[in-house]
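Heads up: the structure comes next, in structure tokens.
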Amino acid sequence: MGTEASPEAWPLDDRGVAYGDGLFETVLVRDGVPLLWEAHLARLARGCQALGFPIPVQHRLAAPLVDAPEGLAVLKLMLTRGSGGRGYAPPESPRPRLRWQLSPFAPDTSRWKAGVRVRHCRLRLGLQPALAGLKHLNRLENVLARDEWSDAEIAEGLLCDSEGRLVEATCMNVFWQRDGRLETPRLTRCGVAGTLRTELLERLSIDEVDAFPEVLLSAEAVWLGNSVQGVWPVTRLDGTGGELLRRWSIGADHRRLQALAHEPLGYPTRLDD
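Be aware that the sequence shown starts at 1, since it is given in UniProt numbering, and climbs by one per residue.
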């Protein structure tokens, strides 16, 4: 049972290319050290278990870090079931294929400090509990949602599921404070459970809730976050037609959560200076 690992091109019969039959992780790397690494490996392992193929040994996954530059970089790991099988039927003995890309990275610090404008998306996420939380390769819903706007002033789009519950942004998790309590959507039906989200759930008292998008209109503070970009305070929320729904001023509550989230990423924790 072998695992290929190299930056070479994908063969056309790879099941990840053909069917999205695989997983990926996007890891922030600082001076050669992968951040939230254990959480990334744990999510990848859960994905392999759910899809039913073996996970590569850890030293193969970490191999690209040998060439990591100084400073910040992003490591993208892509793991597929490999080739084989007949049609949708997977091979009896899969040989997973690993590819990676390691790129220099610089976060948009202005979004940390000034906050961001976001909008609701029209697209709705399908319900699939068997894949909920996983970072699988089948991301067409996110692609279509991101295609809904071209205005550079809008940083992200919020997604609901097919039953109208708030789930996530196109590539970030969403958090809010309501009546002094921190909340985030429950991700048991769909959505990606980000590694920064996992870290914050361990560090803070955050309730995972089933909520509809109207919950944000009564929130004292709203944030978006992931393990590469860090945390962006939301200062404006638009509807699907571009109409203004709510504004927020960045306050101490915003900065407290942001500081706790930025600490494990090595990002600045004081942003009011």
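Ideal Cβ placement from N, Cα and C applies to all residues, glycine included.
- In the displayed model, Lys113 falls within a helix according to three-state DSSP.
- For Gly22, the enclosing beta strand (DSSP E) covers residues 22–30.
- Three or more beta-carbon pairs separated by less than 8 Å link the region 173–182 to the region 213–225, which places the two stretches in contact.
- For Gly126, same chain residues with a beta-carbon under 8 Å away, outside a window of 5 residues either side, are Glu141, Asp161, Ser162, Cys190 in chain order.
- Checking the DSSP bridge columns, you'll see Ile206 partnered with Leu182.
- The DSSP-derived three-state label of Gln258 is helix.
- In the three-state scheme derived from DSSP, where H, G and I count as helix and E and B as strand, Asn173 is classed as strand.
- Assigned with DSSP and collapsed to three states, Glu168 falls in strand.
- Residue ranges of uninterrupted alpha helix (DSSP H) with 4 or more members, entirely inside the region 89–153 and ordered along the chain, are 109–114, 140–146.
- Closest in C-alpha terms to Trp10, from the list Leu98, Val167, Glu202, comes Leu98.
- Sequence-distant partners of Asp253 (beyond 5 residues in either direction) whose C-beta falls short of 7 Å from its own C-beta, in its chain, are Gln177, Glu220, Ala221.
- Three or more beta-carbon pairs separated by less than 8 Å link the region 74–82 to the region 55–66, which places the two stretches in contact.
- With fewer than 16 other CB atoms across the displayed protein chains lying within 10 angstroms of its CB, Leu12 is exposed.
- Cβ-Cβ separation between Arg15 and Asp21: approximately 4 Å, consistent with a contact (criterion under 8 Å).
- Three or more beta-carbon pairs separated by less than 8 Å link the region 108–127 to the region 141–152, which places the two stretches in contact.
- Residue environment analysis places Gln58 among the exposed positions, since fewer than 16 neighbouring C-beta atoms fall within 10 angstroms of its C-beta.
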